[in-house]
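Residue numbers are given in full-length UniProt numbering: position 115 of the sequence shown equals residue 115, and the series is strictly consecutive. Glycine is no exception: its CB is placed at the ideal position from the N, C-alpha and C atoms. Before any comments, here is the structure.
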Amino acid sequence: MTQTAIDLTPDSRAAIADALNQSVAETAVTTMLAQNFHWNVTGMAFGPLHELFQKIYEDHFVAQDDLAERVKALDAHAEGTLAGMLKRSKVSEYDGNASDKEMIKAMLDAQETLASTLAGAGELAAGHGDTLTEDLCISRGQTHEKFAWFLRSHLC
Numbered sequence: 001m002t003q004t005a006i007d008l009t010p011d012s013r014a015a016i017a018d019a020l021n022q023s024v025a026e027t028a029v030t031t032m033l034a035q036n037f038h039w040n041v042t043g044m045a046f047g048p049l050h051e052l053f054q055k056i057y058e059d060h061f062v063a064q065d066d067l068a069e070r071v072k073a074l075d076a077h078a079e080g081t082l083a084g085m086l087k088r089s090k091v092s093e094y095d096g097n098a099s100d101k102e103m104i105k106a107m108l109d110a111q112e113t114l115a116s117t118l119a120g121a122g123e124l125a126a127g128h129g130d131t132l133t134e135d136l137c138i139s140r141g142q143t144h145e146k147f148a149w150f151l152r153s154h155l156c
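Right under this line is the structure:
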């Protein structure tokens with residue numbers, strides 16, 4: 001049965017919010033990763049990579065807000081500290097001292113991690129009848145898979 005946030009049980013809301021907070025954390029870390037690479041990329045592919053990393057961090061900045069606001073719609077606490085996000089995230093920081101190919105690979109891994117995390121969060125939401133969260137997760141997951149495709153294309 002499809003339910004809106006208010007119709008979900010407290011346990012369902014808590015489980016879904018936890019999965020969304022995981023997505024927020026990984027999105028926030030990946031946002032900073034993309035901005036770091038945007039600032040520090042060099043080499044023959046500087047122009048297209050500088051632009052791609054900017055598109056990624058701008059997209060992800062908005063996505064953090066969308067995901068965190070869904071957490072709030074579920075009447076839960078949205079993780080808002082960098083330390084908490086870094087602790088929770090499966091995406092790691094990167095110091096930016098890397099070749100363009102290393103940056104692409106690190107960002108590709110981050111996009112694939114995000115797509116997987118969001119697929120899991122969407123599946124969890126669907127299992128609880130929360131199609132609105134499921135839809136948000138599907139949409140975000142598709143975006144991360146598209147960025148992964150763009151990045152993978154640079155490695156061919």
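Where residue i falls, given that 16 or more other Cβ within 10 Å makes a residue buried
{"i": "GLU102", "result": "exposed"}
{"i": "CYS137", "result": "buried"}
{"i": "MET85", "result": "buried"}
{"i": "PHE46", "result": "exposed"}
{"i": "GLU79", "result": "buried"}
{"i": "GLU134", "result": "buried"}
{"i": "GLY127", "result": "exposed"}
{"i": "ALA83", "result": "exposed"}
{"i": "HIS77", "result": "exposed"}
{"i": "ASP95", "result": "exposed"}
Rounded separation between residue i and residue j - CA only
{"i": "HIS154", "j": "ILE104", "result": "8 Å"}
{"i": "THR27", "j": "GLN111", "result": "9 Å"}
{"i": "MET44", "j": "LYS90", "result": "30 Å"}
{"i": "PHE74", "j": "THR42", "result": "Reading off the sequence, residue 74 comes out as Leu, not Phe. The alpha-carbon atoms of LEU74 and THR42 are separated by roughly 43 Å."}
{"i": "ARG88", "j": "GLN22", "result": "6 Å"}
{"i": "GLN8", "j": "ALA68", "result": "According to the sequence as given, residue 8 is Leu; it is not Gln. Cα to Cα, LEU8 sits roughly 18 Å from ALA68."}
{"i": "PRO48", "j": "ASP11", "result": "45 Å"}
{"i": "VAL24", "j": "PHE147", "result": "17 Å"}
{"i": "ARG70", "j": "VAL29", "result": "19 Å"}
Spatial neighbours of residue i in its chain, beta-carbon cut-off 7 Å, leaving aside the 5 residues before and after
{"i": "PHE150", "result": "LEU52"}
{"i": "LEU124", "result": "ALA15, ILE16, ALA19"}
{"i": "THR113", "result": "GLU26, LYS90, VAL91"}
Sequence-distant residues of the same chain with beta carbon closer than 6 Å to residue i, five excluded per side
{"i": "TYR57", "result": "THR31, ALA34, GLN35"}
{"i": "LEU115", "result": "It is worth fixing the name first, because residue 115 is Ala in this sequence and not Leu. Once the five neighbours on either side are set aside, the close Cβ partners of ALA115 are GLY141, HIS144, GLU145."}
Residue span of the alpha helix (DSSP H) that contains residue i, given as start and end
{"i": "VAL71", "result": "46 to 73"}
{"i": "VAL24", "result": "10 to 40"}
{"i": "ALA124", "result": "Note that residue 124 is Leu in the sequence shown here, rather than Ala. Segment 100 to 127, the alpha helix (DSSP H) holding LEU124."}
{"i": "ASP135", "result": "131 to 154"}
{"i": "GLY84", "result": "82 to 88"}
Residue i CB to nearest heavy atom of the ligand SAM below 7 Å
{"i": "HIS128", "result": "By its list of ligands, the structure shown contains no ligand whatsoever, and the ligand SAM lies outside what it can speak to."}
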